[in-house]
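S.K.: Mind looking over this structure? Questions follow.
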Ligand code: ZN
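The following block contains the structure:
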């Protein structure tokens, strides 16, 4: 669909300051940390996806001193504000000083938690105080992001998505201070990703970009990031060996570029519905996107057709019927936690989006999933 472009209102974009890319580049981590270590009492906190708790080979080559802390992050659920507070408190209780570096190693949830805790350690208060735009006052602890899954773009963005179970709000700390100081993009680290998960996560990048490119609020830079990310996603998922060395490198770049795209534009209709599934039914973000996009043919016809071809070609299973026979309270909460995302919905449908997405319509769409 062709739309007249509107100004995104994002005036001064910040990208990640530095990144190292390539197979085997995890070995650069020690050197990066030692540059931050000035005092004998300095220490580093590693937030590592609990997926790697059993597979400790990941960190075998990394120098970890007795002062450092390795915290395995529970990624069974989406990050909550309470969980971020709890992790921050446990660090503050264990030491009078803040760490000289925080390293996040994992998928989007782990990277987001590393970003959130780094901000909270140098700012007072609780995680929920900073859910919103530009509320973080002080620069966070120096932080390094090392993705082990490709697609969410969390490595590139200025947000860290958290769900607040009390308010039902799924919103991050949108701030320049949330951007990683350094990335290590090492495609070797995605070699053990289970097949379905590799697809679901990779599709997050695809969905970010199709939503962004279909929106009203855009600019040529965001479009260029999206175009290139989509090109790489297509190359990967049209290939029968989507997880080959070369394709994992491509998808890692697609994820990074998709994150850059979304940092200078907005998502559309899929992410708000997907957020509803996460908040109300606890479905993980990337899977929730894949469930949602299948119900979105009236809004994104070509893209849904292409998505379904990828699913078919890669023989991926996507659950169906997950919104059938819910309670009226659950449907009400699904509606509320979708419609709250005004900016992306306005980006996709214009200012009168609530006339298009009536409560009845929203529930009808959820019932297609
Ligand atoms: Zn996403």
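Residue numbers (our numbering): 1 to 369.
For every residue, glycine included, the Cβ atom is placed at its ideal position computed from N, Cα and C.
Does residue 255 pass the burial test, meaning 16 or more other C-beta atoms within 10 Å, or should it be called exposed?
M.R.: What you label residue 255 is simply residue 255 of the chain shown in a count that begins at 1. Buried, since its Cβ has 16 or more Cβ neighbours within 10 Å.
S.K.: Mapping the DSSP letters down to three states, classify residue 219 as helix, strand or coil.
M.R.: As a first step, residue 219 must be located in the chain shown, where it is residue number 219. Correct three-state label for residue 219: coil.
S.K.: When you measure from the CB of residue 112 to every non-hydrogen atom of the ligand ZN, does any distance come out below 7 Å?
M.R.: By 1-based counting over the chain shown, the position of residue 112 is 112. False, no ligand heavy atom lies under 7 Å from that Cβ.
S.K.: Do residue 208 and the ligand ZN come close, with the Cβ less than 7 Å from some heavy atom?
M.R.: To locate residue 208, count along the chain shown from 1; it is residue 208. Residue 208 Cβ: within cutoff of the ligand ZN.
S.K.: Considering residue 144, what are the terminal residues of the beta strand (DSSP E) in which it resides?
M.R.: Residue mapping note: residue 144 aligns to position 144 of the chain shown, counting from 1. Secondary structure note for residue 144: its beta strand (DSSP E) is the uninterrupted segment 143–147.
S.K.: Pick out the complete alpha helix (DSSP H) segments inside the stretch 96–177, 4 residues or longer, and give them in chain order.
M.R.: 108–122
S.K.: Could you tell me the alpha carbon to alpha carbon distance between residue 203 and residue 342, rounded to whole angstroms?
M.R.: If you number the chain shown from 1, residue 203 lands on position 203. If you number the chain shown from 1, residue 342 lands on position 342. Rounded to whole angstroms, residue 203 to residue 342 spans 23 Å at the Cα level.
S.K.: Please give me, in chain order, every unbroken run of the alpha helix (DSSP H) with length at least 4 that falls completely inside the stretch 227–307.
M.R.: 245–263, 270–281, 285–293
S.K.: What is the DSSP secondary structure of residue 32, reduced to helix, strand or coil?
M.R.: Against the chain shown, residue 32 aligns to sequence position 32. Reduced to three states, the DSSP call for residue 32 is helix.
S.K.: Does the distance between the C-beta of residue 271 and the nearest non-hydrogen atom of the ligand ZN fall short of 7 Å?
M.R.: Looking up residue 271 in the chain shown gives position 271. Answer for residue 271: yes, Cβ within range of the ligand ZN.
S.K.: Out of 257, 367, 352, 207, point me to the one whose CA is closest to residue 327's CA.
M.R.: As a working note, residue 327 is residue 327 in the chain shown. Nearest C-alpha to residue 327: 367.
S.K.: Give a single yes or no on whether residue 25 has its beta carbon closer than 7 Å to a heavy atom of the ligand ZN.
M.R.: Taking the chain shown and counting its residues from 1, one reaches residue 25 at position 25. Checking the Cβ of residue 25 against the ligand ZN gives no.
S.K.: Under 7 Å from any heavy atom of the ligand ZN, does the C-beta of residue 347 make it?
M.R.: As a position in the chain shown, residue 347 is number 347, starting the count at 1. No, Cβ of residue 347 sits at least 7 Å from all heavy atoms of the ligand ZN.
S.K.: Identify the continuous beta strand (DSSP E) that holds residue 349 and give its terminal residues.
M.R.: Translated into the one-based positions of the chain shown, residue 349 becomes position 349. Here residue 349 belongs to no beta strand (DSSP E); instead the alpha helix (DSSP H) covers 342–349.
S.K.: Out of curiosity, what's the CA-to-CA distance linking residue 31 and residue 215?
M.R.: As a working note, residue 31 is residue 31 in the chain shown. As a working note, residue 215 is residue 215 in the chain shown. Each residue's Cα considered, the two are about 42 Å apart.
S.K.: Is residue 174 near the ligand ZN, in the sense that its beta carbon is under 7 Å from a heavy atom of that ligand?
M.R.: Start at 1 with the first residue of the chain shown, and residue 174 comes out as number 174. No - the ligand ZN has no heavy atom lying nearer than 7 Å to the Cβ of residue 174.
S.K.: Short check: CB of residue 251 to CB of residue 228, under 8 Å?
M.R.: Residue mapping note: residue 251 aligns to position 251 of the chain shown, counting from 1. Residue mapping note: residue 228 aligns to position 228 of the chain shown, counting from 1. No, Cβ-Cβ distance for residue 251 and residue 228 is not below 8 Å.
S.K.: What number of angstroms, rounded off, separates the C-alpha of residue 154 from the C-alpha of residue 39?
M.R.: One-based indexing of the chain shown puts residue 154 at position 154. One-based indexing of the chain shown puts residue 39 at position 39. Cα to Cα, the separation comes out at about 31 Å.
S.K.: Would you give the residue range spanned by the beta strand (DSSP E) that residue 47 belongs to?
M.R.: Here residue 47 corresponds to residue number 47 of the chain shown, with the count starting at 1. First-last of the beta strand (DSSP E) with residue 47: 44–49.
S.K.: Please indicate yes or no: does the CB of residue 163 lie closer than 7 Å to some heavy atom of the ligand ZN?
M.R.: Along the chain shown, one-based indexing puts residue 163 at 163. Not under cutoff, so the answer is no.
S.K.: Give every residue of the same chain whose Cβ lies closer than 6 Å to the Cβ of residue 225, excluding the five residues on either side of it in the sequence, and list them in chain order.
M.R.: As a position in the chain shown, residue 225 is number 225, starting the count at 1. Same-chain partners within the cutoff: 257, 260, 261.
S.K.: Measure the C-alpha to C-alpha separation of residue 2 and residue 125 and round it to an integer number of angstroms.
M.R.: Locating residue 2 in the chain shown gives position 2, where the first residue counts as 1. Locating residue 125 in the chain shown gives position 125, where the first residue counts as 1. Unreliable placement is indicated for residue 2, whose pLDDT of 49 sits below 50; the coordinate value is still reported in the next sentence. Near 45 Å, if we compare the C-alpha coordinates of residue 125 and residue 2.
S.K.: What is the rounded straight-line gap between the Cα of residue 356 and the Cα of residue 46?
M.R.: On the chain shown, residue 356 is found 356 positions in, with the first residue counted as 1. On the chain shown, residue 46 is found 46 positions in, with the first residue counted as 1. Near 45 Å, if we compare the C-alpha coordinates of residue 46 and residue 356.
S.K.: Could you compute how far the alpha carbon of residue 247 sits from the alpha carbon of residue 95?
M.R.: For the purposes of this step, residue 247 is taken as residue 247 along the chain shown, with counting starting at 1. For the purposes of this step, residue 95 is taken as residue 95 along the chain shown, with counting starting at 1. Rounded to the nearest angstrom, the two C-alpha atoms are 42 Å apart.
S.K.: Would residue 287 be called buried (16 or more neighbouring beta carbons within 10 Å of its own) or exposed?
M.R.: Against the chain shown, residue 287 aligns to sequence position 287. Classification for residue 287: buried.
S.K.: What does the Cβ neighbour count give for residue 218, buried or exposed, with the cut at 16 atoms within 10 Å?
M.R.: For the purposes of this step, residue 218 is identified with residue 218 of the chain shown, where counting begins at 1. It is buried - the Cβ of residue 218 has at least 16 other Cβ atoms within 10 Å.
S.K.: Output the distance between the C-alpha atoms of residue 231 and residue 150, rounded to the nearest integer angstrom.
M.R.: Reading the chain shown from its first residue, position 231 is the one you call residue 231. Reading the chain shown from its first residue, position 150 is the one you call residue 150. Cα to Cα, the separation comes out at about 15 Å.
S.K.: Alpha carbon to alpha carbon, how far is residue 364 from residue 181? Give it in angstroms, no decimals.
M.R.: Counting from 1 along the chain shown, the entry for residue 181 is found at position 181. Counting from 1 along the chain shown, the entry for residue 364 is found at position 364. So the two alpha carbons sit approximately 43 Å from each other.
S.K.: How long is the line joining the alpha carbons of residue 83 and residue 144, rounded to whole angstroms?
M.R.: Taking the first residue of the chain shown as 1, we reach residue 83 at position 83. Taking the first residue of the chain shown as 1, we reach residue 144 at position 144. The straight-line gap from Cα to Cα measures roughly 20 Å.
S.K.: Would you tell me roughly how many angstroms separate the C-alpha atoms of residue 309 and residue 158, rounded to the nearest one?
M.R.: Reading the chain shown from its first residue, position 309 is the one you call residue 309. Reading the chain shown from its first residue, position 158 is the one you call residue 158. Distance from the CA atom of residue 309 to the CA atom of residue 158, rounded to whole angstroms, is 32 Å.
S.K.: Rounded to whole angstroms, what's the CA-CA distance from residue 300 to residue 193? Just pull it up for me.
M.R.: As a first step, residue 300 must be located in the chain shown, where it is residue number 300. As a first step, residue 193 must be located in the chain shown, where it is residue number 193. Cα to Cα, residue 300 sits roughly 29 Å from residue 193.
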